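Residue numbers (full-length UniProt numbering): 1 to 320.
What follows is a set of notes on a single structure, which appears directly below.
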């Protein structure tokens, strides 16, 4: 069943069972369903058990971000069950439950869920048989909720008291940027204030988003530059190590000086650059015969550097 699959799902992000009743009726009129179709049983009317199964899945599912249960004949009990799931679910960002029968009981449960839910960004409960007083309940949730950005409650019969409560909630809530509701619930002055408030908030959110985008871009560029510098340093160190392994008396060791200069200009400063500096000083001051003798000893880079340092410190530049 679909509900059981959702409990273990890690890939599906959008689930649309909206207008299930309408699809069922259309298929019944056409003379049958689709053989082998899986999910909730589309061959019958939506039952409370369907919503219960879906809600239980939502409590553990961490992948689903969008759920559409619009026009499914959901009643107050169904909304209460979904509301309990929203208290536990922290991944769902969009819930579309328009054209149902939420009613006062369902809205009260939903409002309580909104007080603790921190992931839901968009809620659509248009035309859900809500009336005077229900907007006040919703407003109480908006004063607490700090994640919802879009709320669509058009098509419900709210009154002026609901409009006043929603306006007061907007003065506390700082995240809601889109409120779709009948203008008639507000006085003309209040409607203007609400519209201005939301417009200013949208502009602020847009500016904030642009600033965050610019910051993220700058950070990405800085990381890329740092990575490029690190890669360059690694390549220069490889070049230095290659030069340090060359015989002191051979012409191949001459590649060490330009490699050292490049490394220093790139900010490379470690044992390898110190060894290279000693080798170059030794090639300049020590007798070629001394260099040839050191080559015959086949010393490692570090051992050779120590010997060169001792010879230079004691001014032993020749074999005499």
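Idealized CB from N, CA, C, for every residue including glycine.
Treat the numbers as computed from the prediction; the structure is a model and nothing was measured.
Is any beta-carbon of chain D found at less than 7 Å from that of residue i?
| i | result |
| --- | --- |
| residue 204 | Protein chain content of the structure displayed is limited to a single chain, and chain D is not contained in it. |
So what does DSSP say about residue i, is it helix, strand or coil?
| i | result |
| --- | --- |
| residue 118 | coil |
| residue 154 | coil |
| residue 180 | strand |
| residue 52 | helix |
| residue 240 | helix |
| residue 230 | helix |
| residue 94 | strand |
| residue 134 | helix |
| residue 16 | strand |
| residue 124 | strand |
| residue 67 | strand |
| residue 89 | coil |
| residue 208 | helix |
| residue 265 | helix |
| residue 61 | coil |
| residue 250 | coil |
| residue 147 | coil |
| residue 317 | coil |
| residue 72 | coil |
| residue 36 | A caution first: residue 36 carries a pLDDT of 33, below 50, which makes its placement in the model unreliable, though a value can still be read off. DSSP places residue 36 in coil when its eight states are reduced to three. |
| residue 299 | coil |
| residue 286 | coil |
| residue 196 | helix |
| residue 9 | coil |
| residue 271 | helix |
| residue 277 | helix |
Tell me the rounded alpha-carbon separation between residue i and residue j.
| i | j | result |
| --- | --- | --- |
| residue 210 | residue 219 | 14 Å |
| residue 121 | residue 103 | 22 Å |
| residue 228 | residue 254 | 27 Å |
| residue 132 | residue 202 | 28 Å |
| residue 51 | residue 166 | 29 Å |
| residue 93 | residue 223 | 31 Å |
| residue 7 | residue 148 | 25 Å |
| residue 197 | residue 206 | 14 Å |
| residue 265 | residue 221 | 21 Å |
| residue 247 | residue 231 | 27 Å |
| residue 36 | residue 16 | The pLDDT assigned to residue 36 is 33, lower than 50, so where the model puts this residue is not dependable, and the model offers no usable value. |
| residue 216 | residue 157 | 44 Å |
| residue 191 | residue 225 | 51 Å |
| residue 305 | residue 275 | 6 Å |
| residue 183 | residue 175 | 21 Å |
| residue 297 | residue 234 | 29 Å |
| residue 309 | residue 251 | 21 Å |
| residue 314 | residue 299 | 20 Å |
| residue 180 | residue 193 | 15 Å |
| residue 68 | residue 85 | 15 Å |
| residue 90 | residue 301 | 58 Å |
| residue 200 | residue 10 | 38 Å |
| residue 307 | residue 319 | 14 Å |
| residue 213 | residue 277 | 45 Å |
| residue 118 | residue 5 | 25 Å |
Who are the near neighbours of residue i in its chain, counting only those whose CB is closer than 6 Å to its CB and skipping five residues on each side?
| i | result |
| --- | --- |
| residue 3 | 53, 54, 57 |
| residue 75 | 101 |
| residue 391 | The question about residue 391 has no answer here: the residues shown for the chain are numbered 1 through 320. |
| residue 66 | 14, 94 |
| residue 178 | 150 |
| residue 172 | 143 |
Ignore the nearest five residues each way along the sequence and tell me which others in residue i's own chain have a CB closer than 7 Å to its CB.
| i | result |
| --- | --- |
| residue 109 | 79, 80, 83 |
| residue 140 | 111 |
| residue 249 | 288, 291, 292, 295 |
| residue 116 | 87 |
| residue 239 | 259 |
| residue 189 | none |
| residue 18 | 68, 69, 70, 71, 72, 96 |
Identify, in the order they occur along the chain, each residue of the same chain with its Cβ nearer than 8 Å to the Cβ of residue i, setting aside the five sequence neighbours on each side.
| i | result |
| --- | --- |
| residue 311 | 282, 286, 290, 317 |
| residue 107 | 79, 125, 128, 130, 134, 137, 138 |
| residue 187 | 160, 163 |
| residue 237 | 263, 268, 270, 272 |
Below 8 Å on the Cβ atoms is my guess for residue i versus residue j; work out the distance and round it to an integer in Å.
| i | j | result |
| --- | --- | --- |
| residue 95 | residue 13 | With 8 Å as the limit, residue 95 and residue 13 do not qualify as a contact, their Cβ atoms being about 14 Å apart. |
| residue 114 | residue 71 | Their Cβ separation, rounded to whole angstroms, is 22 Å, which puts residue 114 and residue 71 out of contact at 8 Å. |
| residue 204 | residue 169 | Rounded, the Cβ-Cβ distance is 18 Å, inconsistent with contact. |
| residue 59 | residue 88 | 4 Å |
Tell me whether residue i, by its Cβ, gets closer than 6 Å to a heavy atom of the ligand NAD.
| i | result |
| --- | --- |
| residue 316 | In the structure shown, the ligand NAD is absent, as is every other ligand, since no ligand is present at all. |
Checklist line | Three or more C-beta pairs below 8 Å linking the stretch 229-245 and the stretch 258-266 | finding: yes
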